[in-house]
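Numbering (my numbering), first residue to last: 108 to 439.
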Ligand SMILES: NC(=O)c1ccc[n+]([C@@H]2O[C@H](COP(=O)([O-])OP(=O)(O)OC[C@H]3O[C@@H](n4cnc5c(N)ncnc54)[C@H](O)[C@@H]3O)[C@@H](O)[C@H]2O)c1
């Protein structure tokens, strides 16, 4: 079966492509390289020994997507492509709305025209806003605090309306919690442009000396040690969730949380990193960051029951693999 993976050279996309190839899917990637590098393609081939068809296209250009659907016998789509930096989305909201919404609407229109009705979409735990209680279930109220999150929620709404209008669509919305870690080979990992926005890419850069000090935003939250609590999931487990979503016999519109169901504080993550790598992380506490919630972790019962989702890796594995990636890639 041929699967189109948009954003397939990015962090989560590339790991998912490897998993798909290992499961004998044929893969076509569209990526405009706005936040990824072309050498990821060779790395995917090196890991799997398999070829991928790649189009360096921008999904905001609809005729480019049509070109791919004309040439390739696409049966399903996994849609990762999008801009994802929360802070940047606050500074450049129009860029975020334009890129994330236009690309998705173009893609859905072309899918409808070519009668391809199966799609898995990358949403985010950010759509839960400030959760009313923990753990977070899929039917909790939704709200957002920044333009990036709003694009995710808007796309969820678009997908729901599309399904109401045409229930031959088979739509899976996956709400990711906090992916970290890297491929075991050290060839693939998270390599954001500029100063990292997320915790683990920051920690590893302090570990290698690229950045001087880790700023921890807030140590007065009502949590185990005052620092923010998140549900970290190994990117390999997250990637596998997409393969499970493709194989899911249940059709219709489905929404699943993908996390581990376990909360880990910033300090716990830093301490585990130091323990497994033997590298001390220089850190300081600073003011809380606007829009951050105290704690956020998933209920994953639904993904377990319906998808057979079972995360394999723990926080130590995630730290070890993240560090392994930066050690093997000196340019990071
Ligand atoms: N990483 C996280 O913490 C996280 C959490 C929740 C949800 N998500 C979502 O998961 C998806 C993948 O995240 P990621 O961490 O792999 O991000 P990423 O930036 O590494 O990958 C996204 C890819 O999409 C490509 N892209 C962006 N706009 C495009 C366009 N218009 N046309 C073609 N390609 C385009 C980029 O070049 C990049 O390779 C994103 O939609 C993101 O919002 C990520």
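No residue lacks a Cβ here, since even glycine has one placed at the ideal position from N, Cα and C. Keep in mind the model is a prediction, meaning the values are calculated, not measured.
For residue 355, no alpha helix (DSSP H) run applies, since DSSP gives it neither H nor E. In the three-state reduction of the DSSP assignment, residue 266 falls in the helix class.
Per DSSP, residue 186 is one residue of the beta strand (DSSP E) stretching across 183 to 186. By the C-beta density criterion, residue 268 is exposed, having fewer than 16 other C-beta atoms within 10 angstroms. Of 335, 109, 253, the smallest CA-CA separation from residue 223 is found for 109. Check the Cα spacing between residue 353 and each of 335, 205, 323, 278: the tightest is with 278. Three or more Cβ pairs closer than 8 Å define a contact, and the stretch 231 to 245 meets that threshold against the stretch 400 to 411. Here the distance from the Cβ of residue 306 to the nearest heavy atom of ligand 1 is not below 7 Å. Per the C-alpha coordinates, the member of 127, 191, 405, 153 positioned closest to residue 184 is 127. Here the alpha carbon of residue 383 sits roughly 37 Å from the alpha carbon of residue 135. Less than 8 Å separates the beta-carbon of residue 139 from that of residue 164. According to the DSSP secondary-structure assignment, residue 396 is paired through a beta bridge with no residue. The residue from 338, 111, 193 with its alpha-carbon nearest to that of residue 396 is 193.
Secondary structure within the stretch 281 to 356: the alpha helix (DSSP H) runs of 4 or more consecutive residues, fully enclosed, are 306 to 314, 342 to 354 (chain order). For the pair of segments examined, the stretch 308 to 319 was found not to touch the stretch 243 to 258: the number of CB pairs separated by less than 8 Å stays below three. Note on residue 246: under 16 other CB atoms within 10 angstroms of its CB, so exposed under the neighbour-count rule. For the pair residue 436 and residue 206, the Cα-to-Cα distance works out to about 30 Å. The C-alpha of residue 122 is placed about 27 Å away from the C-alpha of residue 242. Contact check between the stretch 419 to 436 and the stretch 376 to 395: three or more CB pairs, one atom from each, fall below 8 Å, which counts as touching. The closest heavy atom of ligand 1 lies less than 7 Å from the beta carbon of residue 167. Excluding the 5 residues flanking it on each side, residue 116 has same chain C-beta neighbours closer than 6 Å at 138, 143, 147, in chain order.
DSSP places residue 141 in the coil class of the three-state scheme, outside both helix and strand.
In the DSSP assignment, residue 363 is bridged to 281.
DSSP, read as helix, strand or coil, puts residue 201 in helix.
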